[in-house]
Amino acid sequence: MSEFKNKNDYSVTVYLNSEKRLFQEFVHSPYIFTQWLAKQAIQWDYILVYVRRTRAVLCYYKNGDFIDSKPNFTIRGRIKQGW
């Protein structure tokens with residue numbers, strides 16, 4: 154079973170000053186989600202991206218990073234040791 158089905162594959166947690174600011178369970182594209190954050194004037198330092206179906210941490214992006222539209226385990230943002 155593939156974790157990615159091209160429809161709401163991600164969940165995203167938004168952080169500002171190391172505090173959780175927002176959680177969105179169904180996200181189609183992390184890039185489009187960050188565009189929505191900007192449009193709503195929601196400030197953020199970094200976002201943590203999860204694979205929605207397995208709840209596995211995929212990567213994180215700092216504000217200002219290049220954000221992939223459809224990250225996966227091959228093409229993704231920043232990772233920490235042990236992920």
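Going by our numbering, the sequence shown opens with residue 154, and the numbers climb by one from there. In this text, a Cβ means the ideal position worked out from N, Cα and C, and glycines have one as well. Treat the numbers as computed from the prediction; the structure is a model and nothing was measured.
- In this structure, the CA atom of residue 198 is about 14 Å from the CA atom of residue 176.
- Around the beta-carbon of residue 171, fewer than 16 other beta-carbon atoms lie within 10 Å, marking it exposed.
- In its chain, beyond the 5 residues on either side, 164, 205 have a beta carbon closer than 8 Å to the beta carbon of residue 178.
- By DSSP's assignment, residue 203 forms a beta bridge with 164, 210.
- In terms of Cα proximity to residue 201, the closest of 160, 180, 156 is 180.
- By a beta-carbon distance limit of 8 Å, residue 222 contacts residue 184. Their separation comes to about 4 Å.
- In the structure shown, the three-state DSSP call for residue 196 is coil.
- For the pair residue 219 and residue 228, the Cα-to-Cα distance works out to about 12 Å.
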